[in-house]
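Mapping of the sequence shown onto the numbering used here: position 141 corresponds to residue 154, and the numbering continues sequentially without gaps.
From the three backbone atoms N, C-alpha and C, an ideal C-beta is built for every residue, glycine too.
A quick note: this is a predicted structure, and the numbers were derived from the prediction, not measured.
Have a look at the structure below before the remarks.
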Amino acid sequence: PKPPKAPKEPKPPKAPKEPKPPKAPKAPKPPKDPNAPKAKPGPKPKKAAEAQADGKQEKIDESFKKVKRKVDRFKGMTEEEVMKKTLPDLLDYNLDYVIIGINPGLMAAFIGRWFPGPGNHFWKCLYLSGFTEEQLNHMHDTTLPVKYKMGFTNMVARATPGSKDLSSKELREGGKILVEKLMKYKPLIAVFNGKCIYEMFCRELFGKKPKKLDFGLQPHKIPDCDVALYLMPSSSARCAQFPRAQDKVHFYIKLRELRDQLKGERRSAEIQEVDYTFDLKLAKEDAKRLAIKEEQYDPGYEDAYGGAYVEKGPDEGQAGSHINGLCTFSSAGNTEEAKEASTSQTEGQLPDGQWMTQSFADQIPNISDGPKDGSM
Numbered sequence: 014p015k016p017p018k019a020p021k022e023p024k025p026p027k028a029p030k031e032p033k034p035p036k037a038p039k040a041p042k043p044p045k046d047p048n049a050p051k052a053k054p055g056p057k058p059k060k061a062a063e064a065q066a067d068g069k070q071e072k073i074d075e076s077f078k079k080v081k082r083k084v085d086r087f088k089g090m091t092e093e094e095v096m097k098k099t100l101p102d103l104l105d106y107n108l109d110y111v112i113i114g115i116n117p118g119l120m121a122a123f124i125g126r127w128f129p130g131p132g133n134h135f136w137k138c139l140y141l142s143g144f145t146e147e148q149l150n151h152m153h154d155t156t157l158p159v160k161y162k163m164g165f166t167n168m169v170a171r172a173t174p175g176s177k178d179l180s181s182k183e184l185r186e187g188g189k190i191l192v193e194k195l196m197k198y199k200p201l202i203a204v205f206n207g208k209c210i211y212e213m214f215c216r217e218l219f220g221k222k223p224k225k226l227d228f229g230l231q232p233h234k235i236p237d238c239d240v241a242l243y244l245m246p247s248s249s250a251r252c253a254q255f256p257r258a259q260d261k262v263h264f265y266i267k268l269r270e271l272r273d274q275l276k277g278e279r280r281s282a283e284i285q286e287v288d289y290t291f292d293l294k295l296a297k298e299d300a301k302r303l304a305i306k307e308e309q310y311d312p313g314y315e316d317a318y319g320g321a322y323v324e325k326g327p328d329e330g331q332a333g334s335h336i337n338g339l340c341t342f343s344s345a346g347n348t349e350e351a352k353e354a355s356t357s358q359t360e361g362q363l364p365d366g367q368w369m370t371q372s373f374a375d376q377i378p379n380i381s382d383g384p385k386d387g388s389m
């Protein structure tokens, strides 16, 4: 048998712990001053540690967010490649109208068509004003010179994202080239699509911007050129002064009237316009109700969907001078005389004071390198 184990020696008793000294009493808080300003609450403390303890997922930061895919507008082509393309003119001799823009937008240059934007009012206004018998679109642009005697050109041929990307040299040279085109093809009326383009044209050709611009037939005249200059609102839906297509139809109707008077033709009773009125406030309310987007005026903006140009809204101090946006062809003092003359005028002749033109030959720089013998 195994011998019994020796008993273990007992452990010595532990020394008693020394008692902790008593804490010093806290000093009493001073009384709050009722007149002291209240401090603003600081930011809430972060709860990351609590969220991890509860098993919740930590908030995703910017590095985890998915990058939005860029829309391929030009089928794999970059903007730089599209800018190398251009939009060909649609011009011919014996045209009644030539629609003039600043320069091609990227989408117009990419597909090679005029006014391709779905929000552009040009094609709709042509139909509503009686220019065309059916609703056309940008795919019909090549038929207009032959069928409707309407052509298209730009002041500058280079395509850019916006007209603000054009240099002063390009605009100056573009104004000279535009004059050469008008003198070569001699259309009946040169139609400027928006105030922005016409102001640029006047600044480069006449040396200064016009002090006052009313829509309709312009008093300025190119030397040795009988082409009438006509200004109408931009066909862009971003035109803040006329946000809807129906607000612009009036100016297309007046354009037809001008053509008929210059050619001595009578208009059909079906397209006669009666009691045209325009209320900008009501138009804007209607535009908001129809969810038409209105943007702030940017003089250098051009819609990339096809040469649509932004129009500056009427200044508050000049709101009365536009006669509610009416297309005015005569001064206020000659309105009654113009009405009387219009009833007794001879066909093919324009009454004095109604379609007055003014020569600015003394203010226009000499363009001696213009077209010779019909050459560009």
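Reducing DSSP to helix, strand and coil, say where residue i ends up.
i    : result
T156 : helix
D311 : Because the pLDDT of D311 is 36, which lies under 50, any placement of that residue in the model is unreliable, and the number read from its coordinates should be weighed accordingly. Three-state result, D311: coil.
V240 : coil
G164 : strand
M245 : strand
G229 : strand
I235 : coil
A37  : coil
R251 : coil
F128 : coil
A172 : coil
H134 : coil
M213 : helix
K182 : helix
Q274 : helix
F123 : helix
R269 : helix
G220 : coil
M96  : coil
I190 : helix
S343 : Confidence is the limiting factor: at S343 the pLDDT is only 38, short of 50, which leaves the residue's position unreliable, though a coordinate-based value still follows. In this structure, S343 counts as coil in the three-state DSSP scheme.
M196 : helix
L149 : coil
K177 : helix
K208 : helix
Kindly give me the distance between the Cβ atoms of residue i and residue j, rounded to whole angstroms, as I take these residues to be in contact under 8 Å.
i    : j    : result
R269 : G143 : 7 Å
G207 : P246 : 7 Å
L230 : L271 : 6 Å
Does the distance from the CB of residue i to the CB of residue j come in under 7 Å?
i    : j    : result
Y140 : Q148 : yes
A258 : K137 : yes
V111 : A203 : yes
R126 : D154 : yes
M168 : I115 : yes
H151 : S248 : no
L184 : E217 : yes
A121 : L100 : yes
G164 : L201 : no
A172 : M96  : yes
F228 : L244 : yes
Y265 : Y198 : no
K394 : C215 : This structure does not reach residue 394, given that the chain is present from 14 up to 389, and the question cannot be answered.
When every heavy atom of the ligand MN is checked, does at least one fall within less than 6 Å of the C-beta of residue i?
i    : result
Y161 : The ligand content of the structure shown is nil, which means the ligand MN is not present either.
Just list the residues that DSSP pairs residue i with in beta bridges.
i    : result
L103 : F165
V262 : BP columns for V262 are empty, so no partner.
Y110 : M163, I202
From residue i to residue j, what does the alpha carbon distance come to, in whole angstroms?
i    : j    : result
T166 : E94  : 22 Å
I124 : I113 : 19 Å
S176 : G277 : 38 Å
P232 : L242 : 8 Å
G319 : D237 : Note on G319: pLDDT 37, under 50, position unreliable in the model; no value is reported.
R86  : G118 : 13 Å
P50  : K39  : 26 Å
D178 : L157 : 30 Å
M196 : K189 : 11 Å
K182 : A170 : 13 Å
F205 : D239 : 16 Å
K194 : D260 : 31 Å
G187 : S180 : 10 Å
E146 : F128 : 19 Å
P23  : P34  : 33 Å
D46  : A28  : 53 Å
K36  : N48  : 35 Å
A52  : E92  : 54 Å
C394 : R251 : The requested residue 394 does not occur in the structure, where the chain is confined to residues 14 to 389.
Q274 : K98  : 39 Å
K30  : P20  : 29 Å
P41  : P26  : 44 Å
If we define contact as Cβ-Cβ less than 7 Å, is residue i a contact residue for chain D?
i    : result
S249 : The question asks about chain D, but that chain is absent: this structure has only one protein chain.
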